[in-house]
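To start, the structure itself, in structure tokens.
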Amino acid sequence: MSYDLVVIGTGPGGYVCAIRAAQLGLKTAVVEKNPTFGGTCLNVGCIPSKALLHASHMFSEAAYALAPLGVVVDSPRLDLSAMMKHKDATVAANVSGVAFLLKKNGVDSFIGSGRLLPPEGEHRVEVTAADGGKQIVSARNVVVATGSAVAPLRDSTGAAIEIDEKLVLSSTGALSLPRVPENLTIVGAGVIGLELGSVWRRLGAKVTVIEFLDRILPGFDLEIAQRFQKILEKQGFGFRLSTKVTRVDRGEGKATVSFAAVDGGGEGTIEADGVLIATGRIPYTEGLGLAEAGVAIDRGRVVVDDRFATSAPGVYAIGDVIRGAMLAHKAEEEGVAVAEILAGQHGHVDYGVIPGVVYTMPEIASVGLTEEEARAKGAAVNIGKFPFTANGRARAMRETDGFVKIIADAATDRVLGVHILGASAGELIAEACVLMAFSGSAEDLARICHAHPTMSEAVKEAALGVDKRAIHI
Ligand code: FAD
């Protein structure tokens with residue numbers, strides 16, 4: 188079997204790459220070691236987490252948000268197994284959708300673990316099925332899209348804290364708990380920790396987040412993160428910032444998490460019946476035979492040039508396994524770009540316009556430079572802000588937490604970054620992406636008619652605010 192392209196891994200990077208390559212006439216196959224397609228994102232990441240975030244939000248809305256709107260319901264009861272069924276059905280629909288799309292586009296699939304063998308004229312990928320059966324697939328080009336895995340957390344002796352997915356959890360275990368923990372301790376105040384913490388907090392868990400840094404959501408605009416922390420505290424989250432976990436001791440159904448202040452100050456312990464390790468993810472390249480194939484790796488990441496080519500001719504890599512944000516849509520854009528490059532086109536990714544969203548309530552969405560990054564680059568900036576408390580639609584929906592912040596270059600007015608804390612921020616950020624992709628200015632945005640009453644008017648008002656002429660504040 189010989190192909191123009193074999194893609195190893197069918198996460199959002201791999202399957203999108205394969206479909207685009209097939210659209211462009213390349214004879215394409217995918218190799219996937221999981222029984223289902225879709226990778227981390229569809230199976231144990233973006234999709235199941237959003238299914239649970241939505242369902243748990245509905246639960247807390249029914250409990251707390253409906254009465255002030257005049258909708259009186261008896262106290263809602265939780266049916267966790269039905270909620271999990273909703274999550275599982277959402278995942279199943281999405282992964283089978285990918286299977287359908289691959290087939291529809293004429294992409295062949297090989298289920299098993301892929302490993303690069305030394306090339307013999309063409310590249311050769313050995314596929315080992317779960318039953319040990321092996322086959323060899325040959326191709327002119329190979330795209331490695333093997334994604335990432337949970338980063339281990341090391342205790343004070345340097346030993347990795349064991350994840351058993353019952354008491355000490357990764358995100359995967361935290362998406363499938365059979366009951367609501369009484370006390371959930373989360374190590375890491377990044378996106379995954381705060382999203383999954385929100386799910387279980389809404390369902391009744393007492394949630395404590397331990398974070399090494401002195402702030403939550405590293406990488407996001409500091410002002411947004413600080414405001415968001417206060418909102419989460421009102422929702423019942425507890426935070427221990429500038430604190431490191433030194434060990435986790437397991438007992439009968441309970442763990443004792445020991446921690447110490449980063450500056451060498453106080454130490455303490457927390458008892459928990461769930462400990463979620465959410466300290467990040469690392470590129471996954473196990474068993475791929477990359478070193479033998481001459482593919483250079485730097486600190487675990489596959490090294491690529493700006494055409495996604497690795498150091499081995501004909502071998503490319505995309506998604507979480509290479510540099511850059513570990514996000515599904517970034518992987519997808521790279522998948523399309525590399526397929527187009529392999530088909531002789533000019534595929535390219537605009538890395539300045541990759542949005543990041545935190546799907547909590549309120550949501551956070553961000554694109555471009557944060558205020559700190561813009562100032563560190565020495566840019567003189569004008570900043571416009573607009574709070575949702577001054578937005579009619581937000582008031583009508585009682586969703587007034589948060590604000591929009593737009594950072595524009597003071598000399599050119601070009602928008603450098605947009606940061607939104609508020610309901611539907613993940614949808615609102617799209618217009619900022621379009622604007623920035625076309626190098627738009629705050630004035631461009633301010634002069635575009637936005638429907639009334641919508642949350643998006645706050646984006647327009649923040650753009651007006653860059654020139655200090657917002658109307659409604
Ligand atoms: P992956 O999706 O990790 O896919 C890699 C695939 O390669 C897997 O199917 C794996 O089985 C396969 N594979 C690995 N090695 C081999 C091999 N040797 N042979 C064959 N197959 C192999 N991102 C967002 O943008 N939005 C979100 O809301 C979001 N939420 C998330 C929530 C959670 C809980 C987690 C864990 C992640 C979340 N992410 C989110 C991140 C997102 O899932 C990843 O950025 C994305 O999946 C990366 O895509 P990928 O194609 O690079 O790799």
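Under this note's numbering, the letters of the sequence shown match residues 188 to 660, in that order.
We put the beta carbon where it would ideally sit given N, CA and C, even for glycine.
Placement of the Cβ of residue 405 at a distance of 7 Å or more from every heavy atom of the ligand FAD is found.
Inclusion of residue 513 in the 7 Å shell around the ligand FAD follows from its C-beta lying nearer than that to a non-hydrogen atom of the ligand.
Taking the CA atoms as reference points, residue 646 sits about 22 Å from residue 562.
Rounded to the nearest whole angstrom, the CA to CA distance from residue 506 to residue 489 is 10 Å. Here the region 623-633 makes no contact with the region 437-450; the two share fewer than three CB pairs at distances below 8 Å.
The nearest non-hydrogen atom of the ligand FAD is less than 7 Å from the C-beta of residue 199.
Note: residue 341 is bridge-paired with 347 in the DSSP secondary-structure output.
At a cut-off of 7 Å, the beta-carbon of residue 534 does not count as near the ligand FAD: no heavy atom of the ligand is closer than that. The beta carbons of residue 294 and residue 522 sit no closer together than 8 Å. Residue 569: member of the beta strand (DSSP E) spanning 568-574, first to last residue. If you draw a straight line from the Cα of residue 542 to the Cα of residue 617, it is about 8 Å long.
Out of 317, 318 and 217, the CA that lies nearest to the CA of residue 292 is found in 217.
Around the beta carbon of residue 310, 16 or more other beta carbons sit within 10 angstroms, so the residue counts as buried. For residue 333, the distance from the CB to the nearest heavy atom of the ligand FAD is below 7 Å.
Taking 8 Å as the cut-off, the beta carbon of residue 640 is found no closer than this to the beta carbon of residue 601.
Of 196, 597, 328 and 362, the smallest CA-CA separation from residue 464 is found for 362. Inside the region 220-246, DSSP marks whole alpha helix (DSSP H) runs of 4 or more residues at positions 226-231, from first to last along the chain.
Sequence-distant Cβ neighbours of residue 240 in its own chain, meaning closer than 7 Å and more than five residues away, are 382, 385, 386 and 546. The ligand FAD never approaches residue 636 closely enough for any of its heavy atoms to be under 7 Å from the residue's Cβ. If you draw a straight line from the Cα of residue 224 to the Cα of residue 569, it comes to about 45 Å.
Taking 8 Å as the cut-off, the beta carbon of residue 434 is found no closer than this to the beta carbon of residue 337. The C-beta separation of residue 648 from residue 657 comes to about 5 Å, placing the pair in contact by the 8 Å criterion.
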